[in-house]
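J.: Each residue of the sequence shown is one higher than the one before, starting from 297 at the first, in my numbering.
Pasting a structure here, questions to come.
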Amino acid sequence: MVQDLSNPFFQSMANGVQTGAEKIGATVNVQDGRQDLGAQNEQIDAFIQQQVDVLLINAVDSDGIGPAVERAKAAGITVVAVDVAARGAEAQVTLDNTAAGNLACTYLADQIGGAGNILLINGTPISSVQDRVTGCKQALQGYPQITIVAEQNGDNGRAEALTIATDMLTAHPDVKGVFGINDPTALGATLAAQQAGIGGLVIVGVDASPEAVAELQKPDSMFRATAAQDPNTQGAIALEMAQKLFAGEALEEQSVLVPTEMITRENLAQYKGWQ
297 MVQDLSNPFF
307 QSMANGVQTG
317 AEKIGATVNV
327 QDGRQDLGAQ
337 NEQIDAFIQQ
347 QVDVLLINAV
357 DSDGIGPAVE
367 RAKAAGITVV
377 AVDVAARGAE
387 AQVTLDNTAA
397 GNLACTYLAD
407 QIGGAGNILL
417 INGTPISSVQ
427 DRVTGCKQAL
437 QGYPQITIVA
447 EQNGDNGRAE
457 ALTIATDMLT
467 AHPDVKGVFG
477 INDPTALGAT
487 LAAQQAGIGG
497 LVIVGVDASP
507 EAVAELQKPD
517 SMFRATAAQD
527 PNTQGAIALE
537 MAQKLFAGEA
547 LEEQSVLVPT
557 EMITRENLAQ
567 YKGWQ
């Protein structure tokens with residue numbers, strides 16, 4: 297189960313699960329949560345009726361999905377969380393999201409000279425988003441001359457970020473940079489700045505998605521860097537963890553953190569991208 301199949305990040309995650317499933321002769325049923333907790337609750341109830349063996353869940357609400365996870369476990373389903381925490385899951389694999397936020401905002405701070413006002417476009421109530429914001433704010437503690445003058449929640453998507461960033465830039469046209477909690481958010485902010493005729497910003501995100509790579513290839517873009525994710529690998533690792541748990545084996549780690557690195561114009565040529 298993924299948050300939103302219209303986002304290529306989650307399609308890459310599904311691809312990683314599908315490839316791993318083919319190797320072990322398993323059948324995969326991928327469901328699109330459409331960023332709707334109610335939809336994911338209904339999907340889990342359907343999986344219970346279908347008597348699936350394991351559930352790999354990328355929750356739209358880390359805490360809110362808890363009761364549905366408990367229903368699945370009570371029905372004998374092995375549950376592993378992918379990319380974001382899901383309350384009650386038996387194991388999880390995620391990006392080191394705190395590190396991702398820390399790296400992104402450290403890069404942002406350095407690029408604006410360690411001083412000035414910036415915007416933070418937050419997202420939905422999931423652990424990955426919350427951890428990125430935590431990491432960002434931790435990084436900025438080392439830059440006392442930088443101030444987050446506005447912070448607002450979006451829906452992790454480009455269209456919503458465009459609207460939010462437009463309003464934020466109207467209220468704060470003198471900012472030097474923007475941190476978006478993922479690439480769609482950061483790219484929406486980039487478009488907002490372009491449409492507003494505001495130049496010279498440093499905009500950073502998280503994901504290193506194909507769209508972000510394309511934007512980084514533009515030498516004059518205000519989108520300057522992104523902390524890389526590997527959704528394909530996360531999906532594959534989650535399936536391996538679920539297979540062991542289903543077989544009654546103990547895991548070496550209940551929680552796996554996938555490392556990250558900053559992707560910039562300077563090292564873009566070496567970045568392999570999502571699979």
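Cβ atoms here follow ideal geometry from the backbone N, Cα and C, with glycine treated the same way.
Given the structure is predicted, the values throughout are model-derived calculations rather than measurements.
#1: Given 8 Å as the limit, is there contact between the stretch 490–498 and the stretch 530–546, that is, 3 or more CB pairs closer than that?
#2: On the three-pair Cβ rule with 8 Å, is the stretch 476–489 touching the stretch 345–363?
#3: Considering only residues of the stretch 429–501, which uninterrupted beta strand (DSSP E) runs meet the minimum length of 3 residues and lie entirely inside it, listed in chain order?
#4: Looking at the structure shown, is Asn563 part of a helix, part of a strand, or coil, going by DSSP?
#5: According to DSSP, what are the bridge partners of Met558?
#6: What three-state label does DSSP hand Val509 in the structure shown?
#7: Pick helix, strand or coil for Ala382, following the three-state DSSP scheme.
#8: Within its chain, find whatever has a CB closer than 8 Å to the CB of Gln339; leave out the 5 residues flanking it on each side and keep chain order.
#9: Give the straight-line distance between the Cα atoms of Val650 and Phe542, rounded to the nearest whole angstrom.
#10: As a quick exercise: from Ala342, Arg383, Ala322 and Pro421, pick the residue whose alpha carbon is nearest that of Ala371.
#11: Taking DSSP as the reference, what is the three-state secondary structure of Val324?
#12: Are the beta-carbon atoms belonging to Ser308 and Trp570 less than 8 Å from one another?
#13: Quick check on DSSP: helix, strand or coil for Asp503?
#14: Please identify the residue among Glu386, Ile422 and Val471 whose C-alpha is closest to the C-alpha of Ala405.
#15: Short check: CB of Gly397 to CB of Ile442, under 8 Å?
#16: For Asn418 versus Ile477, is the C-beta distance shorter than 8 Å?
#17: Which residue wins for smallest C-alpha separation from Asp463, given the options Leu416, Pro555 and Asn528?
#18: Smallest Cα separation from Ser302: which of Glu557, Gln550 and Ala455?
#19: To the nearest angstrom, report how far apart Ile444 and Glu557 are at their CA atoms.
T.: In terms of the structure at hand:
#1: no
#2: With contact defined as three or more Cβ pairs closer than 8 Å, the stretch 476–489 and the stretch 345–363 are not in contact.
#3: 442–449 and 473–476
#4: coil
#5: Partner(s): Ala523.
#6: helix
#7: coil
#8: Met297, Gln327 and Gly329
#9: Coverage of the chain is limited to positions 297 through 571, which leaves residue 650 absent and any answer about it impossible.
#10: Ala342
#11: coil
#12: yes
#13: strand
#14: The shortest Cα separation from Ala405 among Glu386, Ile422 and Val471 belongs to Val471.
#15: no
#16: yes
#17: Leu416
#18: Nearest of Glu557, Gln550 and Ala455 to Ser302, Cα basis: Ala455.
#19: Approximately 23 Å between the Cα atoms of the pair.
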